[in-house]
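Let me begin by presenting the structure, written as structure tokens, before commenting on it.
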Amino acid sequence: MLLAGPDGLLLAAAVWGLAAATLLAALAGLVPRPPQVLRHALPRALAALACASAAVLGALALAGGTPSRIEWWPGVPGEPFTLAVDALSAPFLLLFGLVGASSFAAHAPHGTSAGARARLALHAAFALALLAVFTARHALLFLVAWEGTTLTSAALVAHDLGSARARSATWVYLALSQLGAALVAFALISLSSRAGSFRFGDLASAFAALPPREASLLAWLFTAGFAIKLGLVPAHVWLPLAHPEAPGPVSAMLSGVMVKAGLYGLLRFAWQLAGAPPEHWGTVLMALGVASALAGALYAAIEADAKRLLAYSTLKHTGVLALATGLAATLAANGQSAIAGIALAAALYHAIGHGLAKSLAFLSVAEATHAAGSRNLEALGGLARRLPRLAAAALAATLALCALPPLSCFAGEWLTFQSLMLGYSSGAGQLRLLAPFAGAGLALASALAVAAMVKLYGIGFLGRARSAPAEAAADVLRPLGATLLALAALPLAWGLGAPLTFVALRAPLAALLPGFDAATLASGAGLALVPAGLGASSVSPLAVALLIALFALLARLVLRGARGPGRALRRAPSWSCGAPLGERMQYSALGFAKPLRLVFEPVLRVRGEVEAVGEGSHVFARRVRYRGAMPAVFENLFYQPFVQAVLWTSQQARRLQAGSLHLYLAYLLATLVALLLWAR
Amino acid sequence: MSAALVVVLQTLLLVALAPLWNGVVGALRARFQMRRGAPVLQRYRDLWKTLGKETVLSDGASALARFAPYAVLGAAVAIGTWTPVLTTAPGLGFAGDLVMTVALLAAMRVLLALLALEAGTPFGGMAASRHLMISALAEPALMLAVFTLAIGARSTDLARISAAVVATPTAWISPSHLLALTAMWIVVIAETGRVPVDNPATHLELTMVHEGLTLDVSGGHLALLEWAAAIRQLVLLTLVANLFLPWGIALVPTPAALGVALLAWLGKLLLFAVVVAVTESSTARMRLFRIPEFLGMAFLLALLALTSDSLLR
Chain Y
85 MLLAGPDGLL
95 LAAAVWGLAA
105 ATLLAALAGL
115 VPRPPQVLRH
125 ALPRALAALA
135 CASAAVLGAL
145 ALAGGTPSRI
155 EWWPGVPGEP
165 FTLAVDALSA
175 PFLLLFGLVG
185 ASSFAAHAPH
195 GTSAGARARL
205 ALHAAFALAL
215 LAVFTARHAL
225 LFLVAWEGTT
235 LTSAALVAHD
245 LGSARARSAT
255 WVYLALSQLG
265 AALVAFALIS
275 LSSRAGSFRF
285 GDLASAFAAL
295 PPREASLLAW
305 LFTAGFAIKL
315 GLVPAHVWLP
325 LAHPEAPGPV
335 SAMLSGVMVK
345 AGLYGLLRFA
355 WQLAGAPPEH
365 WGTVLMALGV
375 ASALAGALYA
385 AIEADAKRLL
395 AYSTLKHTGV
405 LALATGLAAT
415 LAANGQSAIA
425 GIALAAALYH
435 AIGHGLAKSL
445 AFLSVAEATH
455 AAGSRNLEAL
465 GGLARRLPRL
475 AAAALAATLA
485 LCALPPLSCF
495 AGEWLTFQSL
505 MLGYSSGAGQ
515 LRLLAPFAGA
525 GLALASALAV
535 AAMVKLYGIG
545 FLGRARSAPA
555 EAAADVLRPL
565 GATLLALAAL
575 PLAWGLGAPL
585 TFVALRAPLA
595 ALLPGFDAAT
605 LASGAGLALV
615 PAGLGASSVS
625 PLAVALLIAL
635 FALLARLVLR
645 GARGPGRALR
655 RAPSWSCGAP
665 LGERMQYSAL
675 GFAKPLRLVF
685 EPVLRVRGEV
695 EAVGEGSHVF
705 ARRVRYRGAM
715 PAVFENLFYQ
725 PFVQAVLWTS
735 QQARRLQAGS
745 LHLYLAYLLA
755 TLVALLLWAR
Chain Z
48 MSAALVVVLQ
58 TLLLVALAPL
68 WNGVVGALRA
78 RFQMRRGAPV
88 LQRYRDLWKT
98 LGKETVLSDG
108 ASALARFAPY
118 AVLGAAVAIG
128 TWTPVLTTAP
138 GLGFAGDLVM
148 TVALLAAMRV
158 LLALLALEAG
168 TPFGGMAASR
178 HLMISALAEP
188 ALMLAVFTLA
198 IGARSTDLAR
208 ISAAVVATPT
218 AWISPSHLLA
228 LTAMWIVVIA
238 ETGRVPVDNP
248 ATHLELTMVH
258 EGLTLDVSGG
268 HLALLEWAAA
278 IRQLVLLTLV
288 ANLFLPWGIA
298 LVPTPAALGV
308 ALLAWLGKLL
318 LFAVVVAVTE
328 SSTARMRLFR
338 IPEFLGMAFL
348 LALLALTSDS
358 LLR
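From first to last, the protein sequence lines are chains Y and Z. Residue numbering for the first sequence follows my numbering, beginning at 85 and increasing consecutively. Residue numbering for the second sequence follows my numbering, beginning at 48 and increasing consecutively.
Below is the structure:
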């Protein structure tokens, strides 16, 4: 094994740390009655440290450290397997490290000892595979790692085998992921056979030598494969099914990091390897991005399962990522590389900003729903009083996911709007037509996402408990709550420091758009974000945070002055027009979303019927029966015809299998004759 | 005048005059209805009295209820600091722009809706749910309407947009400008909770949206929220006045120009007050589920404004 560069040690530490954590957690069962330290605390600490060293490595690489590399020869013919960090993998590595370390720090050993060990081992293996995806420089190794992320995470999605929902989610997840992996594998292997090498560097030169039609076909294969991982409409159906079923810390990595591997793949293979993408590539990505953002936000707004709501919200944010990436490609193809840089910076910044916020959301919501015994918002409520630390972390994540300033998702959307506006003004290509619709779609998606997040926190954590287990939810996990609260500093820092991050994203942006300097995006001593020379818009998350704090403080002083000496606060039961206030009198999650559901009825096609069952009169009903159903629009529209066709074909093919030996011999004969005729 | 002084002056104007505008609309409406009505300054007395009262929190309320009213007011005033009230001279424009304004409005809305859900009463949930539905439709229209102007200015900086509209005097009769202005007005009506979207004078809980949000808030906290709502309303009206109809705004902050700008601003606000008072006296509030059509109209008008801008440019 060869370690190159001083940072090679960090990379090796990350790889070996995760591998050791996996083995330790998996093998601790061999020791009779293993102590808690051996089967949980030690592997968890090892994995968290390994992820932290990956984060440091990513940060160093962004700061312009020497490229680090590990090589070893696995025994297959060809080049040695290589793991290396370069400018493009650095931001993703940083995201992986931060989210990974948080997820291991918050990995609580729920359930039986064997189950907890298996989950921890798979979690560490999943992290190792993801690390390899971001650092592989060898086509075969990349494919193995890509498959590894799918399989380990599928096992974690299916960890609750008793649940039919988890089993069917795993099935859909595996089916679509394998389709995506097959497309990527086909493209990579056919390219490798052209190049006669598996090294990424050789693949790029082989790609440049391809005839244009073949090159475009390969680029689209890559795009389709990675778009499935990114969860773009209509290949998104697996995401809201699979992400919520995994344990909380794994959901955090799935939504926080793994979907971004789709973005990484798009940028690495369809952009960097294939050379600057053509304009229609960008247009398609923009359209799919807006559609995904709208679908994700709308379904999140009406979803009543807390974790699935978060998964839909991931869809909204990956839509924003695709929109920004597509916009950048469109602009770059039209020679507007300075504006393209803004859009691409938006995509990279938002990938990390959303990852930090969404992982915190999954970690805290999963722990809270675990404590309250249900993921259904209708059975939660009142958790903010009972689990104050967890709830505070969840609140921070919720506000960040609403894209509110000064938190981590704001600057990415701000830059996307800026680049849409500037791209429109520059009149590049089809942007005259596309940009207004994309802007309108993005604005609508953001507003809907706000409604979804308010529902999540307002119904799930505030108000009164809607069920007995929620009423009894206890803050047993005190250190965990404190850890999560400390992790809330990450999205806050990423948001406040937005201008500085663009200086840091300089190298990856220059790798994709030669000649673009991201440092021009920040000015005024790193206070504000300014697309320099292109217009003169500017925001400063830090200044706004300080202004709000200043005025809130003044308001406090005014209030104190106006009140004079006297009691400031008193607590009293809520007033409900004189009647005793029951928890059933609160708005339910279903009722909360009803106005939006009615407004978007033509799209959602919700069906509901109310039937009054009474004796004699329908006015004085004894009971009211309510039935409601929301058809799975995308499944019916895109997948049902396909599944039908496959089933029909296999029905037809069954006729060939009559079970008679003579018939099979006749098939052989017919095939032989046909082959002989063909080869003649 | 120095930039800092101008920023402070503009912010103070917005904060101090915010309750007055409601008082003027109330007085005008009373006149139209042949009543004498409350004095124009009554809102200030109400505010002062409520400020001094004890705050009662629901016993189920979390820590959020204790800090949210301050944050809401803080956000409202923060938006005011970069809103061009009297002049287009650069002040705190580096801190906030159009998108930041929209985002902070959203932040206020999120905190208000969460606050309404704190007490666990049905009215809070109802108001929060309806409020989010209305603003989910109003926000994109607001964004698009102002973006139509931002594209002309090639900047989302509010002062620059205002200056760009002043610099092209013929721009305001262009179809896209008029369409965007109409859309913006509808949005302002919806966001500030006025007839025909909401009725600020209602006392029937089932029909309330904005009042319902603060139904469980009392004392000093209520005063802060009411004040914040008034500031937000005045900021939105100022955006209409100074982005869409920016006549009289001072391009250079000399004392004389600022005086003219102050008169122009007050005149425009008075005009808006008359329009709102006439509307509120002559039309009824809409049924809740007619509001999406109304706001959908604003959204389409704004989209039309944006696309017609691209055709005519």
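Heads up, the beta-carbon is just placed ideally off N, CA and C, and yes, glycines get one too.
Pull up the CB-CB distance for residue 186 of chain Y and residue 210 of chain Y, whole angstroms please, since I reckon it's below 8 Å. Actually they are not in contact, since the Cβ atoms of residue 186 of chain Y and residue 210 of chain Y sit about 15 Å apart, beyond 8 Å.
So residue 164 of chain Y contacts chain Z; which residues on that side make the cut at Cβ distance below 7 Å? The premise fails here: residue 164 of chain Y is roughly 49 Å from chain Z at the closest Cβ pair, so nothing lies under 7 Å.
Can you give me, in chain order, the residues of the stretch 186-201 of chain Z that have a beta carbon less than 7 Å from any beta carbon in chain Y? For the stretch 186-201 of chain Z, which is checked against every Cβ of chain Y, the residues closer than 7 Å are 186, 187, 190, 191, 194, 197, 198, 201.
In terms of residue numbering, what span does the beta strand (DSSP E) encompassing residue 239 of chain Z cover? If you look at residue 239 of chain Z, you'll find it isn't in any beta strand (DSSP E); DSSP assigns it neither H nor E.
State the start and end residues of the unbroken alpha helix (DSSP H) segment that holds residue 255 of chain Y. First-last of the alpha helix (DSSP H) with residue 255 of chain Y: 248-279.
Continuous alpha helix (DSSP H) assignments of at least 4 residues falling wholly in the stretch 375-421 of chain Y: Runs of the alpha helix (DSSP H) inside the stretch 375-421 of chain Y: 390-417.
Could you check where the alpha helix (DSSP H) with residue 314 of chain Z kicks off and where it finishes? Counting along the chain, the alpha helix (DSSP H) containing residue 314 of chain Z begins and ends at 302-329.
If we count the other Cβ atoms within 10 Å of its Cβ and call it buried at 16 or more, is residue 169 of chain Z buried or exposed? Around the beta carbon of residue 169 of chain Z, a 10 Å sphere encloses 16 or more other beta carbons of the protein chains shown; the residue is thus reported as buried.
Note down the Cα distance separating residue 162 of chain Y from residue 222 of chain Y, rounded to an integer number of angstroms. CA-to-CA, the gap between residue 162 of chain Y and residue 222 of chain Y works out to about 10 Å.
Comparing the C-beta of residue 141 of chain Z with each C-beta of chain Y, is any distance below 8 Å? Closer than 8 Å: yes.
Please list the partners that residue 180 of chain Z has in chain Y, where partner means a Cβ-to-Cβ separation under 8 Å. What residue 180 of chain Z touches in chain Y: 535, 679, 680, 683.
If you compare alpha carbons, which of Z:91, Z:239, Z:178 is closest to residue 535 of chain Y? Nearest C-alpha to residue 535 of chain Y: Z:178.
Starting from residue 555 of chain Y and walking both ways along the alpha helix (DSSP H), at which residues does that stretch end? Element bounds for residue 555 of chain Y: 552-556.
Residues in the stretch 484-502 of chain Y with C-beta within 9 Å of chain Z's C-beta atoms, listed in sequence order? So the list reads 486, 487, 488, 489, 494, 497, 498, 501, 502, given in the order they occur along the chain.
What number of angstroms, rounded off, separates the C-alpha of residue 630 of chain Y from the C-alpha of residue 258 of chain Y? The straight-line gap separating the alpha-carbon atoms of residue 630 of chain Y and residue 258 of chain Y is approximately 47 Å.
Using CA atoms only, rank isn't needed, just tell me which of Z:101, Z:355, Z:256, Z:248 is closest to residue 655 of chain Y. Residue Z:101 is the option with its Cα nearest to residue 655 of chain Y.
Could you check where the alpha helix (DSSP H) with residue 230 of chain Y kicks off and where it finishes? From DSSP, the alpha helix (DSSP H) with residue 230 of chain Y extends over 223-241.
Identify whether residue 176 of chain Y lies in helix, strand or coil by the three-state DSSP scheme. Residue state, collapsed to three classes: helix.
Could you spell out where the alpha helix (DSSP H) holding residue 531 of chain Y opens and where it closes? Boundaries of the alpha helix (DSSP H) harbouring residue 531 of chain Y: 515-544, taken from the DSSP string.
Give me whichever residues DSSP pairs with residue 712 of chain Y in a beta bridge. Looking at the DSSP assignment, residue 712 of chain Y forms a beta bridge with Y:692.
Whole-angstrom distance between residue 165 of chain Y and residue 158 of chain Y, CA atom to CA atom: Taking the Cα positions, residue 158 of chain Y is about 7 Å away from residue 165 of chain Y.
Helix, strand or coil for residue 297 of chain Z, going by three-state DSSP, please let me know. Strand, per DSSP.
Determine the direct distance from the alpha carbon of residue 291 of chain Y to that of residue 527 of chain Y, and round the result to whole angstroms. Rounded to the nearest angstrom, the two C-alpha atoms are 38 Å apart.
How about the stretch 307-319 of chain Y and the stretch 262-275 of chain Y: do they share at least three Cβ pairs that are nearer than 8 Å? Segments in contact, yes.
Can you tell me whether DSSP reads residue 134 of chain Z as helix, strand or coil? Residue state, collapsed to three classes: strand.
Candidates Y:680, Y:442, Y:370, of which the one nearest residue 500 of chain Y by Cα: The residue with the shortest Cα to Cα distance from residue 500 of chain Y is Y:370.
Specify, as a first and last residue, the run of the beta strand (DSSP E) that residue 656 of chain Y falls within. Start and end: 653-656.
Kindly give me the distance between the Cβ atoms of residue 507 of chain Y and residue 423 of chain Y, rounded to whole angstroms, as I take these residues to be in contact under 8 Å. Separation of the CB atoms of residue 507 of chain Y and residue 423 of chain Y is rounded to 5 Å, and the pair is thereby assigned contact status at 8 Å.
Step through the CB atoms of chain Y and report whether any lies within less than 8 Å of the CB of residue 333 of chain Z. For residue 333 of chain Z, the answer is no, since every Cβ of chain Y falls outside 8 Å of its Cβ.
With DSSP run on the structure shown, which of helix, strand or coil describes residue 155 of chain Y? Note: residue 155 of chain Y maps to strand in three-state DSSP.
Residues of chain Z with CB under 7 Å from residue 420 of chain Y, in chain order? Correct list: empty, because the minimum Cβ distance to chain Z is about 13 Å.
Touching by the beta-carbon criterion (3+ pairs, under 8 Å), the stretch 464-472 of chain Y and the stretch 121-138 of chain Z: Judged by Cβ distances under 8 Å, the stretch 464-472 of chain Y makes no contact with the stretch 121-138 of chain Z, as fewer than three pairs qualify.
Is it true that the stretch 148-166 of chain Z meets the stretch 304-316 of chain Z, where meeting means three or more beta-carbon pairs spaced less than 8 Å apart? Segments in contact, no.
Suppose contacts are defined by Cβ-Cβ distances below 8 Å. Is residue 274 of chain Y in contact with residue 282 of chain Y by that definition? Not in contact: residue 274 of chain Y and residue 282 of chain Y (Cβ atoms no closer than 8 Å).
Quick check on the DSSP output: what are the complete beta strand (DSSP E) runs of length 3 or more inside the stretch 65-97 of chain Z, in order along the chain? Runs of the beta strand (DSSP E) inside the stretch 65-97 of chain Z: none found.
Can you tell me which of Y:436, Y:695, Y:178 puts its alpha carbon nearest to the alpha carbon of residue 495 of chain Y? Selected option, being the one with the closest Cα: Y:436.
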